Ligand code: N0T
């Protein structure tokens, strides 16, 4: 009976993020959950449009749909709320067996005010824009607009209250993104009198703790952060604004909340002061500390990955995965080149991932995403989701325990390695079926399907000498850690069934293992047993 009661308690518990040993998990019904997501196009947040969304989400084999809910849509007239789209969305998600992540498009969507209701757009006196040094209004709403904050917060609280009413016992909705890609392009910060007065105040102690001072240890923003003062101040102002909205929403219905980021160049190290090269004030990797200090109600700063260069992708994943920040990728471009990085993201222990523009609306965001508007959109991602779906809960648990790693093939196509306690996985790409290229002739020719970088592998160490390997277009050789000896005992190809039990299909040996585990152009899953001679 006690077991049953605790099971019920877990089922009734709202989704939440937990952290242990610097790793994170999204608990859903009390157990780690892996978001295999898909994000709809921006204008698909209407009941009729959902007809173009579900087929793509189903084709993707996603378990979660990321869908905007817009301020203009829920509060077309001030104080009169309409949550009918949310009702439809939640009902249909349940019918399709999917979870949801809601994206609150309010004061800022890609930094602009375009998703605010008309009554906001038409009243710049009440809802002021940022102004430049000359007092000229910029296109982006000011984080010092007290009325804007009040109004956005009221709408968000109404949304969360409604959500609690319709979903508080079911948890179809897992998380909420507050605003979308915030910050300001073209202007480093607000120079309005209210902003200027705040800029001259001492930097709050909470910020000093999380964001290392660059000059003086205390004092005004300029004194403490020198050339970075304006952008850090804007990040603080925007984060505080969002944090207040999130906190008010969570007071009504406590779900995990996050912000997403249109990235700055992660390879510019050390990062130079803002030079119109990214949206100032957004949660770029270098100001995550400021967001943590100013917006404690926001759990995660998340990267939107729209540059497929492998060095960029890897650098971003490294910078956003921190002991104080779970890795969660709410947007990646839908171009095929991004597919292999799912192995890196899920292998590194992300709580989830979601390609953007997953619906059959006749629109493409090329060149950020694919040109396709049909089933070809999902192909590069479905192949990976298909492999992870049957063991999604188990994988999330392994990731939380620090047992998993993963990587996508580099643009340079060079060998890579993943180190586990006792064993190293050596990965090579493009090589033919037999041995090394030194044999020459046809033997040196790359394996079919490896013309473009497309390989990847995710590995879980499920016992001291046992591994689950998921991957494609890569040769994997497990080697004993330096100074020890060991060999491959058995590699089973198979899959996990719906109950999570391993189903062996064949044992790989001979040609399939003599030169390493040769993973073909279609993803496979192997259960590998290594051994050490006595
Ligand atoms: C994204 C999407 C949507 C290397 C673009 C990406 C989504 C928003 N913005 O289709 O609008 O709502 O979050 C911005 C990418 C910047 C360009 C990077 C060039």
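In our numbering, the protein residues as written are 380 to 913.
Glycine included, every Cβ here is placed at the ideal spot set by N, Cα and C.
Source: prediction; values computed, not measured.
For this session: With residue 908 as the anchor, note down where its beta strand (DSSP E) starts and where it stops.
Result: Annotation: the continuous beta strand (DSSP E) that includes residue 908 extends over 903 to 910.
Exercise. Would residue 463 be called buried (16 or more neighbouring beta carbons within 10 Å of its own) or exposed?
Worked result: Exposed, because fewer than 16 other Cβ atoms sit within 10 Å of the Cβ of residue 463.
For this session: State the Cα-Cα distance for the pair residue 739 and residue 875, rounded to the nearest angstrom.
Result: Their Cα atoms are separated by approximately 30 Å.
Exercise. Among the residues of its own chain, which have a CB less than 7 Å from the CB of residue 460, if the five just before and after it don't count?
Worked result: Same-chain partners within the cutoff: 453, 454 and 537.
Exercise. Between the region 883 to 900 and the region 752 to 767, do three or more beta carbon pairs fall short of 8 Å?
Worked result: Fewer than three beta-carbon pairs drawn from the region 883 to 900 and the region 752 to 767 are found closer than 8 Å, and the two stretches are therefore not classed as touching.
For this session: Apply the 10 Å Cβ neighbour rule to residue 761 and answer buried if 16 or more other Cβ atoms are within range, or exposed otherwise.
Result: Counting the other CB atoms within 10 Å of its CB gives residue 761 a total of 16 or more, which places it among the buried residues.
For this session: Could you tell me whether the Cβ of residue 778 comes closer than 8 Å to any Cβ of chain C?
Result: Of the protein chains in the structure, only one exists, and it is not chain C.
For this session: Hey, could you find the ends of the alpha helix (DSSP H) residue 572 is sitting in?
Result: Element bounds for residue 572: 572 to 578.
Exercise. Where does residue 597 fall in DSSP's three states?
Worked result: Coil, per DSSP.
Exercise. So does residue 739 have its beta carbon nearer than 7 Å to some heavy atom of the ligand N0T?
Worked result: No, Cβ of residue 739 sits at least 7 Å from all heavy atoms of the ligand N0T.
Problem set entry | residue 408 beta carbon near the ligand N0T (any heavy atom closer than 7 Å) | Remark: the C-beta of residue 408 is outside contact range of the ligand N0T, defined as less than 7 Å to any heavy atom.
Exercise. Which ranges does the beta strand (DSSP E) cover as unbroken runs of at least 3 residues, wholly within the region 791 to 864, from first to last along the chain?
Worked result: With a minimum length of 3 residues, the continuous beta strand (DSSP E) runs that stay inside the region 791 to 864 are 795 to 799, 802 to 807, 835 to 842, 845 to 851 and 853 to 859.
Problem set entry | Per-residue burial, residue 465 [other beta carbons within 10 Å of its own, 16 or more giving buried] | Buried: at least 16 other Cβ atoms inside 10 Å.
Exercise. Relative to the ligand N0T, is the shortest distance from any of its heavy atoms to the C-beta of residue 790 smaller than 7 Å?
Worked result: Residue 790 has its Cβ no nearer than 7 Å to any heavy atom of the ligand N0T.
Problem set entry | Spatially closest choice to residue 719 from 677, 675 and 764, by CA coordinates | Among 677, 675 and 764, the Cα nearest to that of residue 719 is on 764.
Exercise. According to the neighbour-count rule (16 or more other Cβ atoms, all chains shown, within 10 Å of its Cβ), is residue 423 buried or exposed?
Worked result: With 16 or more Cβ atoms within 10 Å of its Cβ, residue 423 is classed as buried.
Exercise. What is the DSSP secondary structure of residue 588, reduced to helix, strand or coil?
Worked result: Looking at residue 588 - three-state DSSP - the assignment turns out to be helix.
Exercise. Would you say residue 560 touches the ligand N0T, meaning its beta carbon is less than 7 Å from a heavy atom?
Worked result: Yes; taking the cut-off as 7 Å, the Cβ of residue 560 has a heavy atom of the ligand N0T nearer than that.
For this session: Quick one: using the 10 Å Cβ neighbour count with 16 as the cut-off for buried, is residue 597 buried or exposed?
Result: By the neighbour-count rule (16 or more Cβ atoms within 10 Å), residue 597 is not buried but exposed.
Problem set entry | Closer than 7 Å: residue 421 CB and nearest the ligand N0T heavy atom | In this structure, the C-beta of residue 421 approaches the ligand N0T to less than 7 Å from one of its heavy atoms.
For this session: Hey, could you find the ends of the beta strand (DSSP E) residue 558 is sitting in?
Result: Its beta strand (DSSP E) spans residues 552 to 559.
Problem set entry | For residue 369: DSSP bridge partner residues | Given a span of 380 to 913 for the chain in the structure shown, any question on residue 369 remains unanswerable.
Exercise. Less than 8 Å separating the beta-carbons of residue 413 and residue 767?
Worked result: Closer than 8 Å, so yes.
For this session: Report yes if the CB atom of residue 599 is closer than 8 Å to the CB atom of residue 623, and no otherwise.
Result: No. Outside cutoff.
Exercise. Buried or exposed: residue 897, going by 16 or more other Cβ atoms within 10 Å of its Cβ?
Worked result: Label assigned to residue 897: buried.
For this session: Measure the C-alpha to C-alpha separation of residue 592 and residue 905 and round it to an integer number of angstroms.
Result: When rounded, the distance between both Cα atoms is 49 Å.
For this session: Give me the Cα-Cα distance between residue 495 and residue 485, rounded to the nearest whole angstrom.
Result: Going from the Cα of residue 495 to the Cα of residue 485 covers about 6 Å.
For this session: Between the Cα of residue 408 and those of 864, 396 and 877, spot the shortest distance and give me the residue it belongs to.
Result: Out of 864, 396 and 877, 396 has the C-alpha closest to the C-alpha of residue 408.
For this session: Answer yes or no: do residue 699 and residue 616 have a C-beta to C-beta separation smaller than 8 Å?
Result: In this structure, residue 699 sits away from residue 616, with a CB-CB distance that is not shorter than 8 Å.
Problem set entry | Enclosing beta strand (DSSP E) for residue 463 [first to last residue] | Here residue 463 belongs to no beta strand (DSSP E); instead the alpha helix (DSSP H) covers 463 to 474.
Exercise. What is the DSSP secondary structure of residue 785, counted as helix, strand or coil?
Worked result: Residue 785 falls in the strand class under three-state DSSP.
For this session: Report the rounded CA-to-CA distance for residue 469 versus residue 613, giving the unit in angstroms.
Result: Using only the alpha carbons, I get a separation of about 35 Å.
For this session: Note down the Cα distance separating residue 697 from residue 715, rounded to an integer number of angstroms.
Result: Spanning the two alpha carbons is a distance of roughly 22 Å.
Exercise. Can you tell me the Cα-Cα spacing of residue 873 and residue 769, whole angstroms?
Worked result: Distance from the CA atom of residue 873 to the CA atom of residue 769, rounded to whole angstroms, is 12 Å.
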